[in-house]
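Step one of this worksheet: look at the structure below.
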Amino acid sequence: MIDRLVHRAEVLTLTGDSYRTRRRRDLLKETAPTTKAVLRQTYPGWGSSALLTRR
């Protein structure tokens with residue numbers, strides 16, 4: 001049945017990301033916290049010189 005409907009159809013091959021994929025990737029870049037921000041929340045004092053001093 002389908003072959004009778006599409007016997008004159010042309011197949012188009014598209015390359016690249018769809019607009020939905022592109023928008024999702026851009027949204028994740030904007031909203032994803034940076035690694036440093038996550039480390040600061042998880043380990044208070046991370047990145048400060050206080051952790052580097054010997055006692």
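The sequence shown begins at 1 in UniProt numbering and counts up one residue at a time.
All C-beta atoms in this analysis are idealised placements derived from N, C-alpha and C, irrespective of residue type, glycine included.
A quick note: this is a predicted structure, and the numbers were derived from the prediction, not measured.
So for residue i, helix, strand or coil by DSSP?
| i | result |
| --- | --- |
| A37 | helix |
| R8 | coil |
| T42 | helix |
Which residues mark the beginning and the end of the alpha helix (DSSP H) in which residue i is found?
| i | result |
| --- | --- |
| L27 | 19 to 31 |
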